[in-house]
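To convert, note that position 90 of the sequence shown is 89 in numbering that gives the first Met the number 0; the numbers rise steadily by one, no gaps. C-beta: ideal position from N, C-alpha, C; glycine also. Beneath this line is the structure, given in structure tokens, with notes to follow.
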Amino acid sequence: MKKIITTPHAPAPIGPYNQAVLNGNMLYTSGQIAIDPRTGNLVTDDIKTETKLVMENLKAILTEAGMTFENVLKSTIFISDMHNFAAINEVYASYFNEATAPARETVEVANLPKFVNVEISVVASL
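See below:
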């Protein structure tokens, strides 16, 4: 049974989608970008700050679904410049236990929504 997951602690969708969908014990999040959910403003001052806000937005969605980053099975990272990979990876890694970290792919793309530098989505399971 499909259940829509929504929290005011992550940015509202900017299109016809939801923050996340829980189907059975599987959670699928939409890609999160660095929108501050309190103000609605983009935060792209530097790549580490931007990535931290993306991860905090994902954390808020996971929390709303009764999960943590330990429940994440797979993540997808889209970045606009592969030269930012090390800085993004440093922040991303701080949210996971390396021994139990999820599967992942990181893909460089030409553009992202609102021309941000990083977008991340996750799949998690209870």
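Where Ile13 falls: helix, strand or coil (DSSP): coil
For Tyr94, three-class secondary structure by DSSP: coil
Val122 beta carbon less than 7 Å from that of Leu72: yes
Three-way DSSP call (helix, strand, coil) for Ala109 in this model: coil
Residue interval of the beta strand (DSSP E) (run including Leu72): Val71 to Ile78
Same chain, Cβ closer than 7 Å to Ile134, five either side skipped, listed in chain order: No statement about residue 134 is possible, as the shown extent of the chain runs from 0 to 125 and does not include it.
Expected contact under 8 Å - CB spacing of Ala64 and Pro36 to nearest Å: Rounded, the Cβ-Cβ distance is 16 Å, inconsistent with contact.
Sub-7 Å separation of Thr50 and Val90 beta-carbons: yes
Paired residues, beta bridge with Ile119 - DSSP: Gln31 and Ile76
Continuous beta strand (DSSP E) stretch holding Ala137: start and end: Since the displayed the chain opens at 0 and closes at 125, residue 137 lies outside it and no answer follows.
Where Leu125 falls, given that 16 or more other Cβ within 10 Å makes a residue buried: exposed
CB-CB length for Asn56 against Gln31, believed under 8 Å: 4 Å
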